[in-house]
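Chemist:
There are 2 protein chains.
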Amino acid sequence: MEFDAVLQRRTIRLFQQKMVPDDEIRYLINAACLASCGANRQPLRYRVIRRPELVKAFFEHTRYAALVHPRRTPQWGISAPPVFIAVCAKNPSAVDAGAAIQSMEMAAWNHGIGCCWIGSFDPAEVNALLRADDLPVRYLVAVGYPAEGPVVERIGADGSPAYYLDDSDTLHVPKYSVDAVTTYWD
Amino acid sequence: MEFDAVLQRRTIRLFQQKMVPDDEIRYLINAACLASCGANRQPLRYRVIRRPELVKAFFEHTRYAALVHPRRTPQWGISAPPVFIAVCAKNPSAVDAGAAIQSMEMAAWNHGIGCCWIGSFDPAEVNALLRADDLPVRYLVAVGYPAEGPVVERIGADGSPAYYLDDSDTLHVPKYSVDAVTTYWD
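Heads up: the sequence lines are chains A and B, in that order. Oh and the first sequence: position 129 is 129 in the working numbering, straight run, nothing missing. Oh and the second sequence: position 59 is 1059 in the working numbering, straight run, nothing missing.
(1) Note down, in chain order, each residue of its chain lying with its Cβ closer than 6 Å to the Cβ of residue 1011 of chain B, except the 5 sequence neighbours on either side.
(2) Would you please verify whether the beta carbon of residue 214 of chain A is less than 8 Å from any beta carbon of chain B?
(3) Of the residues A:39, A:84, A:25, A:36, which one's Cα is nearest the Cα of residue 226 of chain A?
(4) Hey, how far is the Cα of residue 1076 of chain B from the Cα of residue 1049 of chain B?
(5) For residue 1032 of chain B, which residues of its own chain have a beta-carbon under 6 Å away from its beta-carbon, when the five flanking residues on both sides are left out?
(6) Following the continuous beta strand (DSSP E) through residue 1174 of chain B, name the residue where it begins and the one where it ends.
(7) Grouping DSSP H, G and I as helix and E and B as strand, with all else coil, what is residue 1117 of chain B?
(8) What do you reckon, are the CB atoms on residue 1059 of chain B and residue 1144 of chain B nearer than 8 Å?
(9) What are the residues in the region 96-110 of chain A lying within 9 Å of chain B by C-beta distance?
(10) Give, in chain order, every unbroken run of the beta strand (DSSP E) that is at least 3 residues long and sits entirely within the region 1058-1132 of chain B.
(11) Within 10 angstroms of the Cβ of residue 1114 of chain B, are there 16 or more other Cβ atoms? Answer buried if so, exposed if not.
(12) Just curious, the alpha helix (DSSP H) that residue 1142 of chain B is in, first and last residue?
(13) Ordered along the chain, which non-local residues of its own chain (more than five positions away) have a Cβ less than 7 Å from that of residue 107 of chain A?
(14) So who's on the other strand from residue 1155 of chain B, going by DSSP bridges?
(15) Within 10 angstroms of the Cβ of residue 1186 of chain B, are there 16 or more other Cβ atoms? Answer buried if so, exposed if not.
(16) In three-state DSSP terms, what is residue 1012 of chain B?
(17) Please report the distance separating the alpha-carbon of residue 187 of chain A from that of residue 1017 of chain B.
(18) For residue 207 of chain A and chain B, any beta-carbon pair shorter than 8 Å?
(19) Note the first and the last residue of the continuous alpha helix (DSSP H) segment covering residue 47 of chain A.
(20) Given residue 1120 of chain B, which residues of its chain have a CB within under 6 Å of its CB, disregarding the five upstream and five downstream residues?
(21) If you draw a straight line from the alpha carbon of residue 1069 of chain B to that of residue 23 of chain A, how long is it in whole angstroms?
(22) Tell me which residues share the same chain as residue 34 of chain A and place their Cβ nearer than 7 Å to its Cβ, disregarding the 5 neighbours each side in the sequence.
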């Protein structure tokens, strides 16, 4: 896909009930590996959760899109993600994780796959499931084939970034325009 | 450009002495605006520094690639970036900044432009230059047309991520392979 089409990517929270092949999972993680990273230290590690019982256990400890609950809260067996990728690191590594997950999400979109980057989960429960005390989960990425089609709207500096659902159940995601966030310091 | 070609992007530290047009700067910031962001809050603001005296003042407070100093430390008037984009936010917003800058870097590469994401700068000096106490600079992104061609190498779990220059002055950037960083938790 052309890069500009990938740039139109959106977060997906409702998924088809269909497994993502392993070579696609590897394609996503490869994109994360190629992302920018401070001093090239590459502190992130990835754990792939795809056995249904374990996916379900993870799923129960994740939270989605508070502003449009319950219509964008996936349901197990109907719209839940078939795979989670846990992004793990000894130290928080937030900026590196941001770059890696953005790269992963764009790669997914390039192959018709949607992601939901989840920062809102119960860390004690999730880390207990992975028995990964030395390498805690910093973020989860839900991965699957999209069962919704969110759209971007552009807003000015005074616009509200609060996302919302319209009458036809389409999620609208307001994003600031370039002018709203840019100052030229000449 | 196809997405997979953009994925081959690398950090650029040596630049041609040629201005980047304003519409390209806007294209980069638009890509940042479209990146993933926690709860869609969009806390980041961008300041574009392109007046040569001010670029020079910023440049003097930035540091580059300690492992390959001085050969990948750009020189003013020879290989320094023509533009900086300052990524600013009231709160640290590291994970959002990581996603936005990754998106910006990939968009740049799609248009033949290179970036160096700089976390190593003197914040007191840089913030004083921008007189931006209420919206501090979190990261700087140097932007310009590439005057070098770094290459990726893939390494296993025991490999060293330390980048290095070879005899022909090409920068080699080791990146872990998918197998080196992935565990299947089945």
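In this text, a Cβ means the ideal position worked out from N, Cα and C, and glycines have one as well. Just so you know, these numbers come straight off a predicted model, no measurement behind them.
Modeler: In short, the structure shows the following:
(1) Your numbering for residue 1011 of chain B matches position 11 in the second sequence. Excluding residues within five positions, the ones whose Cβ falls inside 6 Å are 1116.
(2) With chain A covering 1 to 186 only, the question about residue 214 of chain A has no answer from this structure.
(3) The question about residue 226 of chain A has no answer here: the residues shown for chain A are numbered 1 through 186.
(4) Against the second sequence, residue 1076 of chain B aligns to sequence position 76. Against the second sequence, residue 1049 of chain B aligns to sequence position 49. Spanning the two alpha carbons is a distance of roughly 15 Å.
(5) Here residue 1032 of chain B is taken as the residue at index 32 of the second sequence, counted from 1. Cβ neighbours of residue 1032 of chain B beyond the five flanking positions: 1100, 1103, 1104.
(6) Counting from one through the second sequence, the residue named residue 1174 of chain B turns up at place 174. Note, residue 1174 of chain B: beta strand (DSSP E), 1171-1176.
(7) Position 117 of the second sequence holds residue 1117 of chain B. It is a strand residue.
(8) Numbered from its first residue, the second sequence carries residue 1059 of chain B at position 59. Numbered from its first residue, the second sequence carries residue 1144 of chain B at position 144. Contact: no.
(9) 96, 97, 98, 99, 100, 101, 102, 103, 105, 106, 107, 109, 110
(10) 1083-1088, 1114-1118
(11) As a working note, residue 1114 of chain B is residue 114 in the second sequence. That one is buried.
(12) Counting from 1 along the second sequence, the entry for residue 1142 of chain B is found at position 142. No alpha helix (DSSP H) contains residue 1142 of chain B, which is instead part of the beta strand (DSSP E) from 1137-1144.
(13) Along the first sequence, one-based indexing puts residue 107 of chain A at 107. Here the set comprises 27, 28, 31.
(14) As a working mapping, residue 1155 of chain B is identified with position 155 in the second sequence. DSSP output for residue 1155 of chain B lists B:1176 as bridge partner(s).
(15) Counting from 1 along the second sequence, the entry for residue 1186 of chain B is found at position 186. Flag for residue 1186 of chain B reads exposed.
(16) Mapped onto the second sequence, residue 1012 of chain B falls at position 12. Correct three-state label for residue 1012 of chain B: coil.
(17) Since the first and last residues shown for chain A are 1 and 186, residue 187 of chain A lies out of range.
(18) Nothing about residue 207 of chain A can be read from this structure; chain A reaches only from 1 to 186.
(19) Here the question's residue 47 of chain A lines up with position 47 in the first sequence. First-last for residue 47 of chain A: 45-49, but that is the beta strand (DSSP E), not the alpha helix (DSSP H).
(20) On the second sequence, residue 1120 of chain B is found 120 positions in, with the first residue counted as 1. For residue 1120 of chain B, where only same-chain residues beyond five positions count, the Cβ hits under 6 Å are 1063.
(21) On the second sequence, position 69 is the one that residue 1069 of chain B refers to. On the first sequence, position 23 is the one that residue 23 of chain A refers to. Each residue's Cα considered, the two are about 39 Å apart.
(22) In the first sequence, the residue the question calls residue 34 of chain A occupies position 34. Excluding positions up to five away in sequence, the list reads 103.
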